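Worksheet: the structure to be examined is printed underneath.
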Amino acid sequence: MKVFSNLIEIARKKGGGYFVLIDPDTRNNQDLKEFVREICDRGVDAILVGGSLIIDADFQRSLAIVKENSTVPIIIFPGSLQQISFDADAILYISLISGRNPNYLFGDHVIAAPYIKKLGIEPISTGYMLFESGRTTTAEFMSNTKPLPVNKPEIAMAHALAAQYMGMSTIYLEAGSGADHSIPDQVVKAVSSYVDIPVITGGGIRTPEDARSKIEAGATFIVTGNVLDDSRNLKLINDFSRAIHIKENS
Ligand code: 1GP
């Protein structure tokens with residue numbers, strides 16, 4: 026059970042941690058293999074694999090390819106119960122605390138727990154908070170929950186603190202994949218300074234500058250996904266890595 030604590034240590038030393046999210050639907054097997062090798066060489070600290078809705082890809086096969094080609098930890102970011110596999114080092118054990126859908130608060134977890142134990146992967150207890158971001162995201166639609174308002178940080182702060190008091194290991198501030206706007210820095214700051222557990226944020230982060238300002242606002246880990254779908258953006262990974270690892274480049 027060391028994957029997440031190692032990543033926290035890496036983030037502490039580097040000033041922040043960088044996760045890349047791979048949605049298996051967006052790449053064929055050959056592209057996936059090359060992409061994983063590229064990102065590992067360009068300063069990524071961990072790879073998240075998953076999606077709120079996977080239509081085309083064979084999740085197990087995709088995860089096996091990621092595992093074969095990665096030199097960094099692989100963490101499942103499950104959009105459903107089908108997204109569990111032994112080809113991972115850990116899984117975000119997500120409770121969708123911004124919503125009030127009982128299945129996503131404490132329902133699917135009961136079904137998943139024995140599998141996770143059997144497979145021997147590390148569960149990372151995650152208080153997942155979905156925020157409004159300009160349009161309906163897949164995560165919002167699929168979970169049938171109402172996102173948190175971004176202009177009321179006190180609501181977000183109270184949710185995050187409740188997650189900490191319930192013993193969760195981390196908070197994930199999520200704008201939704203492909204969101205028009207990332208989570209505002211003020212919200213990241215308000216939540217990060219209010220809780221003692223590390224904050225992950227992602228959704229709609231398209232520039233290294235945005236990533237850096239979230240680290241400066243107090244986030245421990247930054248997630249990017251969509252922005253790397255275009256293979257011409259690979260160099261951006263180096264730029265994101267430099268921007269997020271602020272202690273290495275100061
Ligand atoms: C979504 O936070 C991740 O869960 C990444 O979002 O694809 O918008 O970078 P993007």
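Going by my numbering, the first residue of the sequence shown is number 26, and it counts up by one from there.
Even glycine gets a Cβ: it sits at the ideal position worked out from N, Cα and C.
As the structure is a prediction and not an experimental result, all values here were calculated from the model.
query                                                                                                                                                                                              : result
Can you list, in chain order, the residues of its chain with a C-beta nearer than 6 Å to that of Tyr129? Leave out the 5 residues immediately preceding and following it.                          : Leu121, Ser168
Hey, quick one: how far does the alpha helix (DSSP H) through Phe84 stretch, first residue to last?                                                                                                : 84-94
Check for me: the alpha helix (DSSP H) holding Ile262 runs from which residue to which?                                                                                                            : 259-269
Quick test of the definition: if touching needs 3 or more C-beta pairs under 8 Å, does the stretch 219-230 touch the stretch 200-210?                                                              : yes
Using the Cα positions of Glu63 and Phe131, report the straight-line distance between them to the nearest angstrom.                                                                                : 37 Å
Could you tell me which uninterrupted beta strand (DSSP E) segments, each at least 3 residues in length, are contained entirely in the stretch 38-76, listed from first to last along the chain?   : 42-47, 71-74
Go through the residues and name those whose CB comes closer than 6 Å to any heavy atom of ligand 2, in chain order.                                                                               : Within the structure as shown, ligand 2 is missing, the only ligands being ligand 1.
In this structure, does DSSP put Met193 in helix, strand or coil?                                                                                                                                  : coil
Could you tell me which uninterrupted alpha helix (DSSP H) segments, each at least 4 residues in length, are contained entirely in the stretch 140-193, listed from first to last along the chain? : 163-168, 178-190
Smallest Cα separation from Tyr43: which of Asp254, Ile240, Ile109?                                                                                                                                : Ile240
Since Ile116 and Ile109 should fall inside the 8 Å C-beta cutoff, what is the C-beta to C-beta distance between them, to a whole number of angstroms?                                              : 7 Å
Got a sec? Which residues, its chain only, sit under 8 Å from His184 by beta carbon, not counting five neighbours each side?                                                                       : Ile122, Ser123, Gly152, Met154, Leu173
Touch check for the stretch 63-72 and the stretch 83-90: three-plus C-beta pairs under 8 Å?                                                                                                        : no
So, under 8 Å CB-CB, Ile80 and Asp50 are touching, yes? Tell me the CB distance rounded to an integer number of Å.                                                                                 : 6 Å
Quick check: Ser194 and Ile149, are their CB atoms within less than 7 Å of each other?                                                                                                             : yes
Just to confirm before moving on: does the CB-CB distance between Asn94 and Val61 stay below 7 Å?                                                                                                  : yes
State yes or no: is the beta carbon of Val212 nearer than 7 Å to at least one beta carbon in chain C?                                                                                              : No chain C appears in this structure, which consists of one protein chain only.
Compute the Euclidean distance between the alpha carbons of Asn263 and Phe102, then round it to the nearest angstrom.                                                                              : 23 Å
Shortest alpha-carbon distance to Leu253 belongs to which of Lys39, Lys27, Glu34, Arg52?                                                                                                           : Arg52
I need the straight-line Cα distance from Met191 to Glu157, nearest angstrom please.                                                                                                               : 24 Å
Residues in the same chain with beta-carbon distance under 6 Å from Leu144, minus the five sequence neighbours each way, listed in chain order, please.                                            : Phe111
At the level of alpha carbons, what is the spacing between Ile180 and Arg237?                                                                                                                      : 24 Å
Of the residues Gln211, Gly243, Ile208, which one's Cα is nearest the Cα of Asp221?                                                                                                                : Gly243
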